[in-house]
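Participant: Quick one: this structure, given as structure tokens, is what I'll be asking you about.
There are 2 protein chains.
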Amino acid sequence: MSACIFEVRHTPIRDELWVKLPNQDATYIPALWLRTRSEAPEERDLGTRQRLINPHKLATDIEVTQALITGDALQLQFSDGLSNSLSLARLLRDLKLDDECPHTIAWRTADWQIPAFTKGQRPLPRYDWRTLIQDDYFLNALTDFIQYGFLLLHDTPTEPNSLLTIARRFGYLRETNFGLLFDVRSIPPSEQTDFSDDLAYRAIGLDPHTDNPYRTPVPGIQLLHCLENQTEGGYSTLVDSLAVCATLKAEDPTGYALLTTTPLRFEYRSSQAQLVNVCPVIEQDGRGQMIGVHFSPRLCDLPLLDEPSTRQLQAALARLSSLFSDPSYELHFKLMPGELIMFDNNRVLHGRTAFDPTQGNRHLQGCYIDRDTPRSHYRRLSQQLNRTL
Amino acid sequence: MSACIFEVRHTPIRDELWVKLPNQDATYIPALWLRTRSEAPEERDLGTRQRLINPHKLATDIEVTQALITGDALQLQFSDGLSNSLSLARLLRDLKLDDECPHTIAWRTADWQIPAFTKGQRPLPRYDWRTLIQDDYFLNALTDFIQYGFLLLHDTPTEPNSLLTIARRFGYLRETNFGLLFDVRSIPPSEQTDFSDDLAYRAIGLDPHTDNPYRTPVPGIQLLHCLENQTEGGYSTLVDSLAVCATLKAEDPTGYALLTTTPLRFEYRSSQAQLVNVCPVIEQDGRGQMIGVHFSPRLCDLPLLDEPSTRQLQAALARLSSLFSDPSYELHFKLMPGELIMFDNNRVLHGRTAFDPTQGNRHLQGCYIDRDTPRSHYRRLSQQLNRTL
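Quick mapping for you: the protein sequence lines, in order, are chains A and B. Here the first sequence is numbered in the working numbering, starting from -4 and rising by one per residue. Here the second sequence is numbered in the working numbering, starting from -4 and rising by one per residue.
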């Protein structure tokens, strides 16, 4: 197949490799691009695939003096003397410089099938912890997580701290100012022996927010594990910032742009830590693509701007805040003992509804893992199981 | 002092707070900016300073109906009914939305006093581990680290794994695909029992690079601890990417801009991890300020661009690579047993010169910590010790 897509053109001064992809014009592949991909054993360790030379030192005006396609192999002779054979299948994969993971799929409440709430097209991405040991099942879970930014696990052990074992299945634990693992616990007032200042320990609702927006970098993925829940309220909430921000961008492109460029200050102050991060609310990656938000109204300060800009920024923040709490976007479900949610803390906001602490105990444990490790597992398993996108 | 800088202007429709900073025009401070900074106990928990309300819900057209300065206090009456008193000193500090840390100072080799090498103005930022227990000494070390992006410690214990204790003094440990702690060890060939594939285990030199550019996010700060060094070569090297990129930007603004916007692919492949990051070489923060580079020629692939763009990108990479290894920028020093370097892995590249493994053992241990924790310690201590920038 590859051979039909690639074509060698002989010119008086050089040979050229061209590629013709469906619905695209034929594209010339620069000799330098090919030269840096050398598989010569003196230039690349074929076990690790790491280069043994510094490709930035190759001459910019390097040329292919001779090219020949034989089956899947491309035989190349370069003007600097190197002869090399490259796999066309590998070159084809390499034309697109992506991170080899599924694309994100923005979602709203109505997309999901939740009994008594909504009747969307998709069941929630809900997986059995006991089956996650199977590679193909694990790969399905990872695919959903990368696409939707969250995942539910059920039938996990409910012993305290078992979350650490579960989290390590997905990635490296990330310690924060809350420790390696933190407790979100509410006990009936009659049994309380002390009063905690932490909002999470009270029975009030928590609006959608991202955790630790005052960190650089923020913790990438959060896991929240339900050990006990005897109350009737206390629903968990999740909101996809990709869906919300797409709406904001369509409604108010100027407001959206302001939120991608205007730095706000996020801060956390305690006797142990003084954490400050100055950054825009909407976060973009190195390619200018939106990856998520820093959003926690409690912890966030406006910069000093002129009055019209201040009001414009505030209007965008108000709309964003209101969309995050809009039932069309804010997904509600009840986490039962043995259930766990894992979500991309950059992309998916979380919160909870109020509950009545006199009804009984409510105990969750939480922790963070690095953002890129589920993607690493995805790549590894999709190669092993020979699944392609 | 604050009172002279601030001024209340009464207009027929509202009171206005203005500030006049040295060498600047008087600036109006929007009512909304003041309103979100309310210190009212029903709106802010004064212990944690966290807000109890969502400030994004405040009306954009809020006004100050009455303002009065009394000493350091600003008494405010807002159009939504709130009366509040704010500290002018706090408002003054708050006008500038920064992260309350020292600014970076770019450096070259010639800036440092290194016996037998260079005779610059500054001694290396070198601190005694045993004295680091003292807050003011620790604060000096943190200040140097934030300004220069690196630090040396001496008189540390040389027992294996003591690095973990040292690292925890500065921040939370960050586990990676190399474990919580990794060994860089070379033993004389005659004593070798197996052959390792890892370049770090060989005696060859390593050009300046940043670690794990294929991670998202990359490990923020690296610590390298020397336990044993019986060889004569094996000098450690450090390069400040801020200094190098400033030179590149002055020489070739187009090339510099290309490196801030063109995504390259960085990758690490093993049976355990498949880590891929697609991002530009020069990394900027949310405010468009350069924070460092992703740079590791062994692990980096060019994107497919047209031929002129490919050559332009390659020329910029070649120049960058050559500047990183230029003796004017690449600092060399020998790490002796009990010494340790800690450096900002985003900003400061590291490497080592070749050595002769037949001369004896060379054993370093390394680990990573989060990027923002030394800054947190800096803020905490500078407040405690009442030091200001």
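The C-beta atom is built at its ideal place from N, Cα and C for all residues, glycine as well.
Within the continuous beta strand (DSSP E) that includes B/Ile336, where are the two ends?
Facilitator: Element bounds for B/Ile336: 335 to 339.
Participant: With three or more C-beta pairs closer than 8 angstroms as the rule, is the segment 293 to 305 of chain B touching the segment 7 to 25 of chain B?
Facilitator: Because the criterion of three Cβ pairs below 8 angstroms is not met, the segment 7 to 25 of chain B and the segment 293 to 305 of chain B do not touch.
Participant: Is the shortest distance between the beta-carbon of B/Gly215 and the beta-carbons of chain A less than 9 angstroms?
Facilitator: Chain A, which has a Cβ nearer than 9 angstroms to the Cβ of B/Gly215, makes this yes.
Participant: Does any C-beta atom of chain C lie closer than 9 angstroms to the C-beta of B/Cys221?
Facilitator: Included in the structure are the protein chains A and B, with no chain C among them.
Participant: Compare the beta carbon distance of B/Pro214 and B/Arg169 with 9 angstroms and say whether it is the shorter of the two.
Facilitator: Yes. Within cutoff.
Participant: Please tell me whether A/Asp202 has its Cβ less than 9 angstroms away from any Cβ of chain B.
Facilitator: Closer than 9 angstroms: yes.
Participant: Report yes if the CB atom of A/Leu259 is closer than 9 angstroms to the CB atom of A/Asp296, and no otherwise.
Facilitator: In this structure, A/Asp296 lies closer than 9 angstroms to A/Leu259 by Cβ.
Participant: Quick check on the burial criterion: 16 or more other C-beta atoms within 10 angstroms. Buried or exposed for A/His204?
Facilitator: Per the 10 Å Cβ criterion, buried.
Participant: Below 8 angstroms on the Cβ atoms is my guess for B/Leu335 versus B/Thr151; work out the distance and round it to an integer in Å.
Facilitator: Indeed they touch by this definition, with Cβ atoms about 5 angstroms apart.
Participant: Can you give, in chain order, each stretch of the alpha helix (DSSP H) that sits fully within the segment 142 to 186 of chain B and has at least 4 residues?
Facilitator: DSSP runs (the alpha helix (DSSP H)) wholly in the segment 142 to 186 of chain B: 157 to 165.
Participant: DSSP on B/Asn356, reduced to helix/strand/coil?
Facilitator: Note: B/Asn356 maps to coil in three-state DSSP.
Participant: Note down the Cα distance separating B/Ala311 from B/Leu294, rounded to an integer number of angstroms.
Facilitator: Distance between the alpha carbons of B/Ala311 and B/Leu294: 17 angstroms.
Participant: Excluding sequence positions up to five away, which residues of its chain have a Cβ less than 7 angstroms from the Cβ of B/Asp40?
Facilitator: Excluding positions up to five away in sequence, the list reads Leu47.
Participant: Anything in chain B within Cβ reach of A/Glu246, meaning under 7 angstroms, just list it in chain order.
Facilitator: Within 7 angstroms Cβ-Cβ: nothing; A/Glu246 doesn't reach chain B, min ~16 angstroms.
Participant: Taking only the alpha-carbon atoms, compute the straight-line gap between A/Thr368 and B/Leu127 and give it to the nearest angstrom.
Facilitator: Going by the C-alpha atoms only, they are around 35 angstroms apart.
Participant: Got a sec? Which residues, its chain only, sit under 8 angstroms from B/Lys52 by beta carbon, not counting five neighbours each side?
Facilitator: The answer is none, since no qualifying residue turns up.
Participant: Using a C-beta cutoff of 9 angstroms, does A/Thr138 count as contacting chain B?
Facilitator: Taking Cβ atoms only, chain B never reaches closer than 9 angstroms to A/Thr138, which makes this a no.
Participant: What do you reckon, are the CB atoms on B/Glu223 and B/Arg357 nearer than 9 angstroms?
Facilitator: Cβ atoms of B/Glu223 and B/Arg357: closer than 9 angstroms.
Participant: From A/Ser191 to A/Leu90, what does the alpha carbon distance come to, in whole angstroms?
Facilitator: For A/Ser191, the pLDDT reaches just 49, beneath the cut-off of 50, and the residue's location in the model is therefore unreliable, although a value from the coordinates is still provided. Each residue's Cα considered, the two are about 56 angstroms apart.
Participant: Please state if the CB of B/Leu359 and the CB of B/Asp206 are separated by a distance shorter than 9 angstroms.
Facilitator: It is not a contact, given that the beta carbons lie outside the stated cut-off.
Participant: What are the start and end residues of the beta strand (DSSP E) that includes A/Gln309?
Facilitator: No beta strand (DSSP E) contains A/Gln309, which is instead part of the alpha helix (DSSP H) from 302 to 319.
Participant: Out of curiosity, what's the CA-to-CA distance linking A/Asp75 and A/Val3?
Facilitator: Cα-Cα distance, rounded: 19 angstroms.
Participant: Of all the CB atoms in chain A, is at least one closer than 9 angstroms to the CB of B/Thr211?
Facilitator: So yes, B/Thr211 belongs to the interface.
Participant: Report the three-state DSSP secondary structure of B/Glu227 (helix, strand or coil).
Facilitator: Reduced to three states, the DSSP call for B/Glu227 is coil.
Participant: Taking 8 angstroms as the threshold, find out whether the segment 269 to 280 of chain B comes into contact with the segment 268 to 285 of chain A through three or more Cβ pairs.
Facilitator: Yes, the segment 269 to 280 of chain B touches the segment 268 to 285 of chain A.
Participant: Compute the Euclidean distance between the alpha carbons of B/Glu262 and A/Leu376, then round it to the nearest angstrom.
Facilitator: Roughly 16 angstroms between the two C-alpha positions.
Participant: Three or more beta-carbon pairs under 8 angstroms between the segment 97 to 105 of chain A and the segment 130 to 144 of chain A, yes or no?
Facilitator: The segment 97 to 105 of chain A vs the segment 130 to 144 of chain A: in contact.
Participant: Strictly by DSSP, which residues pair up with B/Leu61?
Facilitator: Contrary to the premise, residue 61 of chain B reads as Gln rather than Leu in this sequence. Bridge partners of B/Gln61: B/Gln72.
Participant: B/Asp130 and B/Ser316: beta carbons closer than 9 angstroms?
Facilitator: No; because the gap between Cβ atoms is not below 9 angstroms, this pair is not in contact.
Participant: 9 angstroms is my cut-off, CB to CB: does A/Pro208 come that close to chain B?
Facilitator: False, the Cβ-Cβ gap to chain B never drops below 9 angstroms.
Participant: Just verifying my parser: in three-state terms, what is the DSSP assignment at A/Asn79?
Facilitator: Three-state DSSP puts A/Asn79 in a strand.
Participant: Could you tell me the boundaries of the beta strand (DSSP E) in which A/Val14 lies?
Facilitator: Segment 10 to 14, the beta strand (DSSP E) holding A/Val14.
Participant: Once DSSP output is grouped into helix, strand and coil, what is the label at A/Thr249?
Facilitator: It is helical.
Participant: Quick check on DSSP: helix, strand or coil for B/Ile109?
Facilitator: Three-state DSSP puts B/Ile109 in a strand.
Participant: Within its chain, find whatever has a CB closer than 7 angstroms to the CB of A/Thr31; leave out the 5 residues flanking it on each side and keep chain order.
Facilitator: The residues are Pro50, Leu53.
Participant: Against chain A, does B/Trp13 count as a neighbour if the rule is that its beta carbon must be under 9 angstroms from one of theirs?
Facilitator: False, the Cβ-Cβ gap to chain A never drops below 9 angstroms.
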